[in-house]
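**Q** Protein sequence lines, in the order shown, are assigned to chains A and B.
To convert, note that position 38 of the first sequence is 40 in the numbering used here; the numbers rise steadily by one, no gaps.
To convert, note that position 8 of the second sequence is 10 in the numbering used here; the numbers rise steadily by one, no gaps.
Heads up, the beta-carbon is just placed ideally off N, CA and C, and yes, glycines get one too.
Remember, it's a predicted structure, so these values are computed and weren't measured experimentally.
The structure that follows is given in the form of structure tokens.
Number of protein chains: 2
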Amino acid sequence: MRQALKQAQKAFDQEEVPVGCVIICDGKVIARAYNKTEQKDTQCAHAELLALQKAGKKIGNWRLLDCWLYVTLEPCAMCMHAIRLHRLVGVVYGADSPLFGYQLDNKAFDSLYKYDTLEVISGVLQKESGNILKQFFKKRR
Amino acid sequence: MRQALKQAQKAFDQEEVPVGCVIICDGKVIARAYNKTEQKDTQCAHAELLALQKAGKKIGNWRLLDCWLYVTLEPCAMCMHAIRLHRLVGVVYGADSPLFGYQLDNKAFDSLYKYDTLEVISGVLQKESGNILKQFFKKRR
């Protein structure tokens, strides 16, 4: 998560909402990415989607079967669906996202994926992950 | 939708699940794309996500406020969330996707987005859109 935070700092420095992400496979970081929504003019540039693309390229397969995704902010529903589609083992995230987080959509996730076993761990480096976001939005106001 | 079907044919020719997509803004096609999941090694290469990225690049803004997305197959939940995030006017799709379509997730969409007004029109060139998929899966078995 420290490495994901480093990625978030890069987003911050580029005036993007500071969210960072890494994907780990067999104890190694295989992808790093940060949010580039504004510079790429697309919501498809959320940190998670960029990291998933990089990881698939690295492995040569879209099935990220032995991987974990670490992200500083609770994923939105789009990203959480993407994580499920790529068949990762689990997700670890830092800060909660009460307005845009996938948990708004939690019941649907439960029913949609009742046979899969994605693990979700929240609150890791929560304070640091949240602080960089607060700092960003404070600066913008 | 005829143009989306042409895109689906390109996917078919490249041994990708044949789904095609175009985005229309003010009566003009501003983006065309087809599914490239296998060749790009990522589920982030669904036709819709690729088209959304191209459209944002074309317009210079991720907000696709006056745009409609046409796609030959009912979008999956990831893509439907992406369409919502990009603030399009509406979606038109061809064939239903009973196993992977966003409608599995419909209740969540209703509650998540109760204040937005995305229009969804289904069944346009449904037969043609479905036939190319059937043909593809028949060939693969």
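(1) Name, in chain order, the residues that DSSP records as bridge partners for K30(A).
(2) Please work out which residues of its chain come closer than 7 Å, Cβ to Cβ, to K8(A), disregarding the five sequence neighbours upstream and downstream, and give them in chain order.
(3) Specify the secondary structure class of G58(B) as computed by DSSP and reduced to three states.
(4) Of all Cβ atoms in chain A, is any one closer than 8 Å to the Cβ of G92(B)?
(5) Below 7 Å on C-beta distance, what does K30(A) contact in chain B?
(6) Among F138(B), A57(B) and G62(B), which residue has its Cα nearest to the Cα of E40(A)?
(7) Here's the rule: buried if 16 or more other CB atoms are within 10 angstroms of the residue's CB, otherwise exposed. What is G58(A)?
(8) Should I123(B) be labelled buried (16 or more other beta-carbon atoms within 10 Å of its own) or exposed?
(9) DSSP state of T39(B), grouped into three classes?
(10) In whole angstroms, what separates the C-alpha of L83(B) from that of M80(A)?
(11) Determine the chain A residues that contact W64(B) at a beta-carbon separation under 9 Å, and present them in chain order.
(12) Please compile the residues from chain A whose C-beta is within a distance smaller than 8 Å of the C-beta of L120(B).
(13) Between L135(B) and chain A, is any beta-carbon pair separated by less than 8 Å?
(14) With a threshold of 8 Å, are at least 3 pairs of Cβ atoms found where one atom belongs to the stretch 91 to 101 of chain A and the other to the stretch 126 to 139 of chain A?
(15) Hey, T44(B) and L54(A): beta-carbon distance below 8 Å or not?
(16) Can you have a look at K136(A) and say buried or exposed, based on whether 16 or more other CB atoms are within 10 angstroms of its CB?
(17) Answer with yes or no whether the minimum CB distance from A97(B) to chain A is below 8 Å.
(18) Starting from L135(B), follow the beta strand (DSSP E) in both directions and report where the run begins and ends.
(19) Run through the DSSP bridge pairs and tell me what I85(B) is partnered with.
(20) Strictly below 7 Å CB to CB, what residues from chain B border K59(A)?
(21) How long is the line joining the alpha carbons of I85(A) and E17(B), rounded to whole angstroms?
(22) In chain A, which residues lie less than 8 Å from L87(B) when you measure between Cβ atoms?
(23) Can you tell which of I134(A), F139(A), C78(A) and K56(A) has its C-alpha closest to the C-alpha of K144(A)?
**A** Looking at the atomic coordinates:
(1) Per DSSP, the beta bridge partners of K30(A) are C27(A).
(2) If you ignore the 5 residues before and after K8(A), its C-beta comes within less than 7 Å of the C-beta of G22, all in its own chain and listed in chain order.
(3) Helix at G58(B).
(4) So, not an interface residue.
(5) Contact note: K30(A) does not reach chain B at a C-beta cutoff of 7 Å; the least C-beta distance is about 18 Å.
(6) It is G62(B).
(7) Counting C-beta atoms within 10 angstroms of its own C-beta, G58(A) has 16 or more neighbours from the protein chains shown and is therefore classed as buried.
(8) Exposed.
(9) In the three-state DSSP reduction, T39(B) falls in the helix class (H, G or I).
(10) The residue asked about is misnamed: residue 83(B) is His in this sequence, not Leu. Between H83(B) and M80(A), the C-alpha separation is close to 5 Å.
(11) One finds T39, E40, K42, D43, T44, Q45, C46 and A47 in chain A with Cβ atoms closer than 9 Å to the Cβ of W64(B), taken in chain order.
(12) Chain A residues near L120(B): none, gap ~14 Å exceeds 8 Å.
(13) At a cut-off of 8 Å, the C-beta of L135(B) has no neighbouring C-beta in chain A.
(14) Short answer: they touch.
(15) Contact flag set, yes.
(16) Exposed, since its Cβ has fewer than 16 Cβ neighbours within 10 Å.
(17) Any Cβ of chain A closer than 8 Å to the Cβ of A97(B) would place that residue at the interface, and such an atom is absent.
(18) Counting along the chain, L135(B) falls outside any beta strand (DSSP E), though it belongs to the alpha helix (DSSP H) covering Q128 to R142.
(19) Secondary-structure assignment with DSSP links I85(B) through no beta bridge to anything.
(20) Residues of chain B passing the Cβ test: D43.
(21) Those two C-alpha atoms are separated by around 24 Å.
(22) Those within 8 Å of L87(B) in chain A are Q45, C78 and M80.
(23) As shown, chain A starts at 3 and ends at 143. That puts residue 144(A) outside it, with no answer to give.
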